[in-house]
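The sequence shown begins at 85 in my numbering and counts up one residue at a time. Take a look at the structure below.
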Amino acid sequence: MGVWVDTDFGFDDLWALLLLRSYDIAIDGVSLVAGNSTLENVTRNALGSRLAFDLEWPFYSGAASPLKRPLQTAERVLGPRGMQTRGEHLPEPPQEVLPPGESAMLGWLTANDGPREVLALGPLTNLAHLAINAPDAFARIDRLVWMGGSSGQGNQTPYAEFNAHADADAVDVVAKTGVRLAIVDLVACHKATYGEKDIPTGMRAPLGDLMGGYMDIGIRRGRDWMPIYDPLAALAFAHPNVLTFEPQALSVDTSSAETYGQTSFEPPDESHISLATGVASEAASLCVDALATVTA
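The structure is reproduced here in structure tokens:
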């Protein structure tokens with residue numbers, strides 16, 4: 085049985101999916117959620133990537149807005165499509181109405197007896213809806229790996245990481261279900277970075293342009309490096325020993341206007357939640373090398 089991926093499909097989401105494919109990890113379904121950009125743009129990016137990179141997984145539509153608050157995208161950083169480029173962009177996909185992700189994931193959880201693992205790369209809105217509407221089915225998830233939150237400073241606000249801030253209410257719902265939750269947070273992602281010299285040559289177009297466009301985010305901020313976010317979380321499936329997780333108690337701010345989305349961690353005696361506290365030195369090269377296999 086494969087992995088289910090829930091994503092707000094920006095470039096690093098695509099990178100994470102290509103990494104899983106490079107390690108022959110089966111993906112049973114990909115559900116889309118608004119976050120990096122609107123659900124319309126997220127869908128456009130996903131279907132354009134399917135055309136460009138021969139992605140064979142089924143895609144499903146998900147939540148267009150957070151549980152309780154208006155949508156705030158990352159388009160001010162990532163551009164109006166939620167995925168910027170130095171040149172060639174993704175091909176324009178034909179119009180397509182995707183089937184609903186919640187019912188598809190519900191069927192996936194209830195129809196299979198094998199391990200049920202989920203990789204969440206964006207806001208947890210889709211997962212929270214499933215937890216609220218079908219708690220018994222949600223409880224069948226054996227492990228949920230999420231790239232989100234921060235045990236230090238944020239990147240959306242001084243207090244909150246983007247995915248947590250995008251829908252902190254959803255994080256709160258999911259964290260309280262008791263499902264095993266492994267978090268790869270902002271602090272961990274800053275331990276795996278890449279620079280201009282690391283961008284592989286000979287990749288299938290438009291991958292090199294997209295990777296360069298993602299690198300430009302760091303350059304605009306005065307850095308010669310860029311953190312590797314979603315692909316690092318994907319390594320929890322491809323190279324489990326690269327990440328070291330420790331049990332943590334998690335609380336998330338859902339009430340304060342200033343600190344909404346702030347995630348706080350502290351060691352408990354035992355917990356169903358764990359935090360990636362160690363990242364092996366080879367993590368970044370493993371992520372980059374996965375893209376080098378995507379040749380023209």
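All C-beta atoms, glycine included, are put in the ideal place defined by N, C-alpha and C.
The closest CA to that of Ala364, considering only Ala110, Phe137 and Ala272, is found on Ala272. Pro315 is classed as buried because its beta carbon has at least 16 other beta carbons within 10 Å across all chains shown.
Asn120 and Val126 do touch by the CB rule: their CB atoms are close to 7 Å apart, below 8 Å.
When Gly146, Pro351, Thr347 and Gln168 are compared, the shortest CA-CA separation from Ala212 is found for Gly146.
Rounded to whole angstroms, the gap between the alpha carbons of Ala266 and Asp337 is 19 Å.
Around the Cβ of Val372, a 10 Å sphere holds 16 or more other Cβ atoms; the residue is buried.
For Met287, the secondary structure class from DSSP, reduced to helix, strand or coil, is strand. Taken atom to atom, the span from the alpha-carbon of Thr285 to that of Ala376 is near 7 Å.
For Asp96, the enclosing alpha helix (DSSP H) has its first and last residue at Phe95 to Ser106.
Assignment of Thr194 by DSSP, reduced to helix, strand and coil, places it in the helix class. Contact annotation: Asp226 and Arg264 have beta-carbon atoms nearer than 9 Å.
For Ile216, no beta strand (DSSP E) segment is defined; the enclosing uninterrupted segment is the alpha helix (DSSP H) at Thr209 to Asn217. Going by DSSP, Arg160 is part of the alpha helix (DSSP H) stretching over Glu159 to Leu162.
Collapsing the DSSP output to three states places Met189 in a helix. Non-local C-beta neighbours of Ala289 in its own chain, meaning closer than 6 Å and more than five positions away in sequence, comprise Glu172, ordered along the chain. Using a C-beta cut-off of 8 Å, the region 222-238 makes contact with the region 199-210, since at least three inter-stretch Cβ pairs fall below that distance. According to DSSP, residue pairing for Met310 in a beta bridge involves Tyr278. Taken atom to atom, the span from the alpha-carbon of Leu319 to that of Thr157 is near 26 Å. In the structure shown, Ser115 adopts extended strand secondary structure according to DSSP, grouped into three states. For the 9 Å CB-CB criterion, Val255 and Gly232 form a contact. In this structure, the straight-line span from the alpha carbon of Val89 to that of Ala188 is close to 12 Å. Between Trp141 and Asp112, the gap from beta carbon to beta carbon is short of 9 Å. For Ala130, the closest of Phe93, Asp220 and Ala368 by C-alpha to C-alpha distance is Phe93. Here Ile267 carries a strand assignment [DSSP, helix/strand/coil].
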